[in-house]
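For what it's worth, the numbering used here labels the leading residue of the sequence shown as -14, then goes sequentially. Here's the structure, in C-alpha cells; my notes come after.
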Amino acid sequence: MCKNQITVNMGFTEEQFPAGTHMCLIYSKEEERKKIISKFLEGGISSDEKVAYFAVEMSPEQVKTWLREMGVEMPAEDKNGSFNVSSTADTYYPDGTFKPEAMLDNLKTFYKGAKTEGYSASRVSGEMSWALKGMPGSNRLMEYEAKVNDVLAEYPVTAICQYDANKFDGATILQCLKVHPYMIVHGQIVRNPYYMKPGDFLKEQT
C-alpha cells in the first residue's frame, strides 16, 4: 500500500479498511448482493468519494432506481459526476475485445481524476458475469484480476468484484479466490487464505 494510506468506510461493516482494498463478493442470492453492494456504494457517496458502478444488464437509471429503493441517497445535482454508472460492455471491452492493459489504465485514470477533482477517495464495483458472454479476451480475466493488485497498491481505488456462483463454474471461482486478497463472507470482509501474490499466480498460469 502507499505511504500514509487512508482508511475508508466500506458501508456494510463497521471496520474501516485501507483505500485500495481489492475484494471479491461471491454470492448465490441476489438479495445478499444488493444489500452489500448498495451499502458499499452508499459508503462512498456519503464520504465524498468518486464512485463508479459497472452493470451487465441494468441501465444507469435502473441502477440508480434500485439504489434509491434500497434507501441510498443519490449525490446532489451540484455533485454531478461523483457517481458514475456505465455498462460492463462500455467499460471492459468497448471495442469488442477485453484488453486487461486498457482496463488497468482506466483504473489509474479514474484514481488520478478523483484526486485532481478533490474527492476524498475513490471506489468501484463491477458485475463480472460479462466475462461469460464469450467475447475475445475474456479468457484473460484472471490475469487482469491478478494485475489489479499491483495497480491498486499505487493507485488505491477500493474495489469489489461481483461473481455469481450460480453462473461461474467451480474452477473459475477458485481462480477468483486466488487473485483477491480479501473476500466478503456473510457481510464481513476477511483476509482470503487462498490469495496468491500476482507474480506467483501468473507464473502458475504459464
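By construction, the Cβ of each residue, glycine as well, lies at the ideal position given by its N, Cα and C atoms.
Annotated as distal: V41 and V70, with beta-carbon spacing of 7 Å or more.
DSSP places A144 in the uninterrupted beta strand (DSSP E) bounded by 143 to 149. Y140 is bridged by DSSP to nothing; it lacks a bridge partner. Judged by DSSP in its simplified three-state form, F2 adopts strand.
Given a length threshold of 3 residues, each whole run of the beta strand (DSSP E) inside the stretch 79 to 113 is given here in chain order: 107 to 112. The beta carbons of K19 and W51 sit about 7 Å from each other, so the pair counts as a contact at 8 Å.
M127 sits in a helix when the DSSP states are folded into three classes.
In summary, E54 is exposed, with fewer than 16 beta-carbon neighbours lying within 10 Å of its beta-carbon over all protein chains present.
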